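Residue numbers for the sequence shown follow the numbering used here, so the first one is 5 and each next one is one higher. Report on the following structure.
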Amino acid sequence: MSDTKSWYSKGADGFKVKDQIDATMAVRKERGVPRFMLKAGEEAIVAFCDSIPFFIWEHNLKIGGRWGNYVTCVKEIRSCPIDDSGERATYTGYLTVIDTREFIRNDGNKVKNRKILYPAKGSTIKRLEDLMKKYGTLAGRAFKIKRYSKDDPNCGTDFEFLKQVTLKGDNAVPVEYDKILAPPTPEELVALGFTSNIAGQQTDTGLENLATGTTVGGTKPGDKTATELGAGATATNSFEDLF
Ligand SMILES: [Zn+2]
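Put into structure tokens, the structure is as follows:
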């Protein structure tokens, strides 16, 4: 994209954004599991399914003007073209929770008690470690989680233990992190607009490499806190319904 900010895209630039949106949707459709998030001032009641966080580095990409496109960083195993483009990765510890909030989907249907990813970031990681020291395990424990300000991580920072619960069936099984959070393939990275510096073989295909040198978004370092996405129209707690 260009360095100049604009509320529209024209011609080839617009088509390229659409390609990136589609590529992201394809990745997320395969692996898409909703993520827990709170807006500033919000709280939610969740029950943890597990207690062994699955830690990764991940990027939050701005595509088509929107944040919330999470891509696992590959820098621990090979050169990461997203890092090379100047994007920073965030250390994130994943757990699985049952979110008791009720969401109204776009089709009007209500859903609640969804099994979703809980991405712990920043100081929340150490808070979870402290909770594990205190309670032994978080699995089968219900907490009220609150996020006070927009400067706090959107996973919330304040945990109030409510009670022990029994999760049954699929709700007792954590997300398959190694599949859901699998890092992107070089092809997927290219589709997202990132080309690896070491992937010289791509120039041998005879195809024009349209993605070379492009970065997704037009990011500025200060923008990273603006990761809030409306996960649903309205959300209310309905704790009793879960058990
Ligand atoms: Zn990376």
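Each residue gets a CB set at the ideal place from its N, CA and C atoms; glycine is no exception. Owing to the predicted nature of the structure, the values given are computational and were not obtained by experimental measurement.
message = Quick check on the DSSP output: the beta strand (DSSP E) that includes Ala124 runs from which residue to which?
response = Arg118 to Lys125
query = By the 10 Å Cβ neighbour count, where 16 or more other Cβ atoms means buried, how is Val101 classified, buried or exposed?
reply = buried
task = To the nearest angstrom, report how far apart Asp156 and Lys14 are at their CA atoms.
result = 36 Å
Gly45 versus Arg109: straight-line alpha-carbon distance, rounded = 22 Å
inquiry  = If I measure Cβ to Cβ from Tyr139 and keep anything under 8 Å in the same chain, skipping five residues before and after, which residues do I get?
reply    = Arg145 and Phe165
message = Quick check on Val78: buried or exposed, where buried means 16 or more other Cβ atoms within 10 Å of its Cβ?
response = buried
task = Sort Tyr95, Ile120 and Phe19 by Cα distance to Asn175 and report the nearest one.
result = Ile120
ask   = So the beta strand (DSSP E) Ala336 belongs to, where does it begin and stop?
value = The structure shown does not extend to residue 336, since the chain is modelled only from 5 through 247, so no value can be given for it.
inquiry  = By the DSSP assignment, the beta strand (DSSP E) with Lys183 in it spans what residues?
reply    = No beta strand (DSSP E) holds Lys183; the alpha helix (DSSP H) holding it covers Tyr181 to Ile184.
task = Drop a sphere of 10 angstroms on the beta-carbon of Arg43, count the other beta-carbons inside from all chains shown, and report buried for 16 or more, exposed for fewer.
result = A quick correction: the sequence has Lys, not Arg, at residue 43. Counting Cβ neighbours within 10 Å, Lys43 comes out exposed, since fewer than 16 surround it.
request  = Look at the alpha carbon of Tyr181 and the alpha carbon of Gly97, and state the distance between them as a whole number of angstroms.
outcome  = 11 Å
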